[in-house]
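Remarks on the structure that follows.
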Amino acid sequence: MSALRAALGFLAARLASGWTAVALIAAAMLAVWLPDLSLPLGNSDDGRILGLFGLQARNFWELGIVDSRFGAAVEPYVRAVYDVAPRADPPPVAVTYAHHPPLQVFMSVVSTGILGDSAAALRVPSLLVGAATVAFMASLLRGRGLAWGPTLLAVAAMASTGFYYVYARVSVSFSLQLAAIAAVSWALRRAEPQRRDTLVVAGFAALAAMQSWIGIAAMVLVMLWLLAARQHDGSELPSGSTEPSVGAVVAARPRRLAVSWLPGGRQPLLAAVVAGTALGAGATALWMLSAAGFEDLANQVAIRTSNEVGGTSGPTFTFGEFLARQWRFVTEEMLVPVWLRVLLVPCLLAGLIDRRTRAPTAITLAVAAALTFGVQQGAWVHRLWNFPWLAPVTIGFAALADWVRRPIPRRWRPLPAALAAVVIAGTLVAVASGSTRQRYITDPADAGAVLEQVGSLSGSELAWAVPPVTSPTWVSYYLRTRVIQLNEDNLDDLDGSDVVVLSADRVPDFFPDGALSDPLAVHGDFVVISASKLLPQ
Numbered sequence: 001m002s003a004l005r006a007a008l009g010f011l012a013a014r015l016a017s018g019w020t021a022v023a024l025i026a027a028a029m030l031a032v033w034l035p036d037l038s039l040p041l042g043n044s045d046d047g048r049i050l051g052l053f054g055l056q057a058r059n060f061w062e063l064g065i066v067d068s069r070f071g072a073a074v075e076p077y078v079r080a081v082y083d084v085a086p087r088a089d090p091p092p093v094a095v096t097y098a099h100h101p102p103l104q105v106f107m108s109v110v111s112t113g114i115l116g117d118s119a120a121a122l123r124v125p126s127l128l129v130g131a132a133t134v135a136f137m138a139s140l141l142r143g144r145g146l147a148w149g150p151t152l153l154a155v156a157a158m159a160s161t162g163f164y165y166v167y168a169r170v171s172v173s174f175s176l177q178l179a180a181i182a183a184v185s186w187a188l189r190r191a192e193p194q195r196r197d198t199l200v201v202a203g204f205a206a207l208a209a210m211q212s213w214i215g216i217a218a219m220v221l222v223m224l225w226l227l228a229a230r231q232h233d234g235s236e237l238p239s240g241s242t243e244p245s246v247g248a249v250v251a252a253r254p255r256r257l258a259v260s261w262l263p264g265g266r267q268p269l270l271a272a273v274v275a276g277t278a279l280g281a282g283a284t285a286l287w288m289l290s291a292a293g294f295e296d297l298a299n300q301v302a303i304r305t306s307n308e309v310g311g312t313s314g315p316t317f318t319f320g321e322f323l324a325r326q327w328r329f330v331t332e333e334m335l336v337p338v339w340l341r342v343l344l345v346p347c348l349l350a351g352l353i354d355r356r357t358r359a360p361t362a363i364t365l366a367v368a369a370a371l372t373f374g375v376q377q378g379a380w381v382h383r384l385w386n387f388p389w390l391a392p393v394t395i396g397f398a399a400l401a402d403w404v405r406r407p408i409p410r411r412w413r414p415l416p417a418a419l420a421a422v423v424i425a426g427t428l429v430a431v432a433s434g435s436t437r438q439r440y441i442t443d444p445a446d447a448g449a450v451l452e453q454v455g456s457l458s459g460s461e462l463a464w465a466v467p468p469v470t471s472p473t474w475v476s477y478y479l480r481t482r483v484i485q486l487n488e489d490n491l492d493d494l495d496g497s498d499v500v501v502l503s504a505d506r507v508p509d510f511f512p513d514g515a516l517s518d519p520l521a522v523h524g525d526f527v528v529i530s531a532s533k534l535l536p537q
């Protein structure tokens, strides 16, 4: 009987732990995402990005490793920047996309190889990474010495935002850099990191470098952090000690050690980060250069660092217009809830001031700012570009919550925490069931649903897209044909066997009357018609 009581007590203690709450938050995110697992890829960032991965994965399995350029081929999609004539054979570089580190491409290849060529298979890796990011963020905050209360509130706040709901299901570009920083933080709590610690750090550093450009940049900053920091930087509380005051947390100076270069415990960690980053960045460079080549990458950098609205010669935007557009992205729907907009600056300041969170906040903030302002044309076009700002804001949120709770007597702390939890839970419910989901997820998916009705068109050489149908990788994914933007200047290139994809509420003036009569398929606002409807009768 005593053994059973002890076992039940152990189980109850484990279930009451903070990690159980983290697992529940991650499970909640999977629960709100899973209904969309098989949602068609449509006219959204979800469709554009996953459609691209779908083409790369399909070509890998159908063409083979070499002919698919190691998963970089996007045939039959042809990149518009190369301005290939409608019925001309494109050069290999025009049907290759290798501008980002390849980890998610590789995950898509594996997933479709196991689960088959489907939208669900493309979503599985992203959903798992999105859920795992909850655990990575919690691990980072705990590794820096934050209590469970502020940690759970911060992680839940991150997961409740529209940004996380919409974009974490597609690609969390900062996920593995959080994991790497967390691994370093936990290893630093030991006087002498174990071999297992260095292997974990090296592994996450390599994966972060293969996940995103900001992952590579973040790992370089982690190296500088390890070089600059002292042996003890306040990321842990001594065993048995009482909680320090807010002033102590903010103002206490790290204990200086008499060392000639770097404390012994940090040397293997620095070496692990360097080795892992070099491995991941080297694999990334090899994949990119072998698939796309230096000239294509240089052209893409030139486009993304310009201030041209369309990325090529055309109208430009001013810095003021750029800032106004970024703020408009932030305030659209509930991408950033109103309460978090109010807390944005306080959270960032708290994260930078608190000595426990200063380093991870500075690292994640620096790479997020570099992505937004350094490659501004991408941020002008894509809301997704600002998603990494959520990382430093979340870290700062935890620091701010920790400051707020410390002056409150222990017996009263559950009350404000419960109120905050109610607000956060209400936010997630509103995001997952309201206009944010409709605008960014379900309405754009109608464009993919209409293409699923049509199926692959073996008799059609080309598909044509009419704005607001843009970056239509998903059109090529479904129809297995090349897709080109249609305008009044290229009507002469139409053939009767071609098809046209458009939104019924955005019919161009140059379309003849009755062009939308007897369509090939209709779903929601989106229509597929035969190009013969636009040809002279």
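Read in our numbering, the sequence shown has 462 at position 462, and its numbers run on one by one without any break. For every residue, glycine included, the Cβ atom is placed at its ideal position computed from N, Cα and C. Here the structure is a predicted model, which is why all the values come from computation and not from measurement.
Have a look at Val528, Thr473, Leu224 and flag the residue whose alpha-carbon is nearest the alpha-carbon of valine 500. Val528
For a minimum of 3 consecutive residues, which ranges assigned as the beta strand (DSSP E) are wholly contained in the region 428-505? 462-465, 482-485, 499-503
Nearest-angstrom Cα separation, counted from alanine 157 out to isoleucine 424: 6 Å
Touching by the beta-carbon criterion (3+ pairs, under 8 Å), the region 462-471 and the region 57-74: no
Nearest CA to the CA of glycine 448: which residue from Ala132, Ala432, Leu479, Ala421? The shortest Cα separation from glycine 448 among Ala132, Ala432, Leu479, Ala421 belongs to Leu479.
In this structure, does DSSP put phenylalanine 526 in helix, strand or coil? strand
Within 10 Å of its beta-carbon, does glutamate 75 have 16 or more other beta-carbons around it, so buried, or fewer, so exposed? That one is buried.
Give the C-beta separation of alanine 147 and aspartate 402 to the nearest angstrom, bearing in mind that I take them to be a contact with Cβ-Cβ under 8 Å. 6 Å
Compare the Cα-Cα distances from leucine 152 to each of Ala80, Phe136, Ile216, Ser212 and report the closest residue. Phe136
Check whether the Cβ atoms of methionine 219 and valine 301 lie closer than 9 Å to each other. no
Residue range of the alpha helix (DSSP H) that includes phenylalanine 204: 195-211
Using a Cβ cut-off of 9 Å (strictly closer), state whether valine 527 contacts chain C. The displayed structure is made up of one protein chain only, and chain C is not part of it.
Would you identify the three-state DSSP class for serine 241, choosing helix, strand or coil? Confidence at serine 241 is low in this model, with a pLDDT of 42, below 50, so the placement of that residue should be treated as unreliable; the coordinate-derived value is given next. Three-state DSSP puts serine 241 in coil, outside helix and strand.
Where alanine 592 falls: helix, strand or coil (DSSP): There is simply no residue 592 to check, as the chain begins at 1 and stops at 537 in what is shown.
Inter-residue Cα distance where the pair is alanine 594 and phenylalanine 60: Residue 594 is absent from the structure shown; the chain starts at 1 and stops at 537.
As a quick exercise: from Gly54, Leu127, Pro193, pick the residue whose alpha carbon is nearest that of glutamine 267. Closest option to glutamine 267, Cα to Cα, is Pro193.
Once the 5 residues before and after valine 450 are set aside, which same chain residues still bring their CB inside 6 Å of it? Ala521, His523, Phe526, Val528
Pick from Ala132, Ser160, Arg142, Asp46 that is closest to leucine 338, judged by C-alpha positions: Before going on, a small fix: residue 338 reads as valine here, not leucine. Out of Ala132, Ser160, Arg142, Asp46, Ser160 has the C-alpha closest to the C-alpha of valine 338.
Residue burial classification, leucine 534 (beta-carbon count within 10 angstroms, cutoff 16): buried
Which same chain residues, not among the five before or five after valine 475, have their C-beta less than 7 Å away from its C-beta? Spatial neighbours of valine 475 in its own chain (CB-CB distance under 7 Å, excluding positions within 5 residues in sequence) are listed in chain order as Leu451, Ala463, Ala465, Val483, Val501.
Measure the C-alpha to C-alpha separation of alanine 26 and phenylalanine 397 and round it to an integer number of angstroms. 18 Å
Local Cβ density within 10 Å of alanine 359, reported as buried at 16 or more and exposed below that: Around the beta carbon of alanine 359, 16 or more other beta carbons sit within 10 angstroms, so the residue counts as buried.
On the DSSP bridge list, what partners appear for threonine 331? Answer is none; threonine 331 lacks a bridge partner.
In the structure shown, what three-state DSSP assignment does leucine 316 receive? The question names leucine, but residue 316 is threonine in the sequence shown. Threonine 316 falls in the strand class under three-state DSSP.
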